[in-house]
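Residue numbers (the numbering used here): 2 to 87. For reference, the structure is listed below as structure tokens.
Set out below in structure tokens:
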């Protein structure tokens, strides 16, 4: 598949990928909700020059990691968070 140069098409492709990954990995939260959360949290956690950031979302009995792309303004992928060592 050729690289998508159009940012709108690329963001749409990333969103479709993230929705598919979330479904495959039994994410209990819709991708839209994760996107809203990432948009709200980005100003707090993002450093200058950073293009992506990783956010760990914790719910009752589940943990997911979300990769957010700042340039595309969308969720790139969702996957289960590793268990914490205690």
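For each residue, glycine too, the CB sits at the ideal point set by N, CA and C.
In the structure shown, residue 75 adopts extended strand secondary structure according to DSSP, grouped into three states.
Counting the other CB atoms within 10 Å of its CB gives residue 76 a total of 16 or more, which places it among the buried residues. Listed as beta-bridge partners of residue 65 by DSSP are 58, 81. Following the DSSP letters along the chain, one finds residue 39 inside the alpha helix (DSSP H) bounded by residues 32-46.
Judged by DSSP secondary structure, residue 24 falls within the alpha helix (DSSP H) whose first and last residues are 8-25.
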